[in-house]
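First the structure, in the form of structure tokens, and then the observations on it.
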Amino acid sequence: MTTPLFVQVRCKPGTTYDVANAISLREFHSELYSTSGEFDLLVKIYPPEGGDIGHFVNESFGGIDGIERTLTTLTFKAF
Numbered sequence: 551m552t553t554p555l556f557v558q559v560r561c562k563p564g565t566t567y568d569v570a571n572a573i574s575l576r577e578f579h580s581e582l583y584s585t586s587g588e589f590d591l592l593v594k595i596y597p598p599e600g601g602d603i604g605h606f607v608n609e610s611f612g613g614i615d616g617i618e619r620t621l622t623t624l625t626f627k628a629f
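Okay, so the sequence shown: first residue is 551 according to the numbering used here, each after it adds one.
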């Protein structure tokens, strides 16, 4: 299994539930959380091994109405 990556999602005002629902329907994530702070959602993803992560993230989140911005954090081997 690959190491996970985390994507924080900032939604346009009033669209967080719709965005979360759209992400859930696409079934590319492992876990999805509502968060406080600068971003509205936190998505844990195990990307396909050996694939282009940038392309994967773009394809996964592209076309979801209400997303204002994302921030992707890559992880490395756990200690």
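For glycine and all other residues, C-beta sits at the position ideal for the given N, C-alpha and C.
Quick caveat: nothing in here was measured; it's all calculated off a predicted structure.
The three-state reading of DSSP puts T565 in coil, since its state is none of H, G, I, E or B. For S610, the enclosing alpha helix (DSSP H) has its first and last residue at I603 to F611.
F611 is a Cβ neighbour of I617, given a cutoff of 8 angstroms.
When DSSP states are grouped into helix, strand and coil, I614 belongs to the coil group. A distance below 8 angstroms separates the beta carbons of Y583 and L592.
Contact between L555 and T625 holds: CB atoms are separated by about 6 angstroms, below the 8 angstroms threshold.
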